[in-house]
Amino acid sequence: MRDDVRRLLASYEPARQQPDPPLPPAGVLLLLHDRPGGPHVIFQKRTDRVRDHKGQISFPGGVMDPGDPDVRYTALRETHEEIGVRPDDVDVLGELDQMVTVSNFLVTPFVGWLDRYPYEWRFSSEEVAYLLEVPLSHLRDPRNLVPDRRIINGREYVFQAYRFGDDLIWGATARMLGNFLDLLSALE
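For the sequence shown, UniProt numbering assigns the number 1 to the initial residue and increments by one for each residue that follows.
In structure tokens form, the structure reads like this:
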């Protein structure tokens with residue numbers, strides 16, 4: 001499947017955002033790996049000690065540091081800092097659509113494949129409460145797509161979210177995941 005995803009992303013032109021005024025760039029990594037039962041996606045549950053997105057399910061990643069050469073580097077650096085995955089152990093397959101988050105970041109999501117499983121996760125206890133290894137088949141099953149109702153500025157909005165056990169994958173992470181899953185439908 002890795003090569004199919006690589007080909008799919010190579011032919012995909014990700015949407016670019018140009019917010020005015022410009023927002024701080026950030027990079028995240030939608031990380032897949034092979035294991036019994038098929039490919040899995042890695043998510044992290046953020047602690048209540050982080051500044052942004054307390055307690056939410058997210059992809060590893062973060063804001064670009066001044067010394068980062070590009071946002072891809074940022075996604076790999078942050079993934080290493082947050083969950084212990086060395087950049088050399090990730091095969092970056094491509095990019096998804098850029099997104100502006102409610103926390104005012106311009107996020108570029110990358111799709112990567114972890115070169116081996118099992119992996120020796122070492123996550124930052126300051127930032128990461130625990131990891132979720134979610135089967136891709138679970139995420140693609142429409143029964144696990146649930147409505148997420150939010151009140152924003154007095155109006156109700158309904159967004160797509162994904163249920164995995166007691167956890168809800170919602171917000172920007174769900175939108176990035178939806179972008180990826182929509183692309184994968186071309187492989188069916």
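Ideal Cβ positions, reconstructed from N, Cα and C, are used throughout, including at glycine. Predicted model, so just to flag it, every value in this text is computed and none were measured.
The continuous alpha helix (DSSP H) containing Asp4 extends over residues Arg2 to Ala10. One Cα belongs to Leu184, the other to Leu131, and the distance between them is close to 23 Å. Check the Cα spacing between Asp34 and each of Ala129, His80, Ile169 and Val90: the tightest is with Val90. In the same chain as Glu156, and ignoring 5 residues on each side of it, the C-beta atoms closer than 8 Å to its own belong to Arg149 and Arg150, in chain order.
With contacts defined as CB atoms closer than 8 Å, Gly61 and Thr79 qualify as a contacting pair. When DSSP reads this structure, Phe110 sits in a beta bridge with Leu29 and Glu95.
In this structure, the beta-carbon distance from Val41 to Pro109 does not fall below 8 Å. When DSSP states are grouped into helix, strand and coil, Arg149 belongs to the strand group. Contact between the stretch 2-11 and the stretch 20-27 is not established, with fewer than three Cβ pairs separated by less than 8 Å.
Nearest to Arg122 by alpha-carbon distance, out of Ile83, Arg143 and Leu139, is Ile83.
Inter-residue distance for Thr173 and Tyr162 is about 10 Å (C-alpha atoms, whole angstroms).
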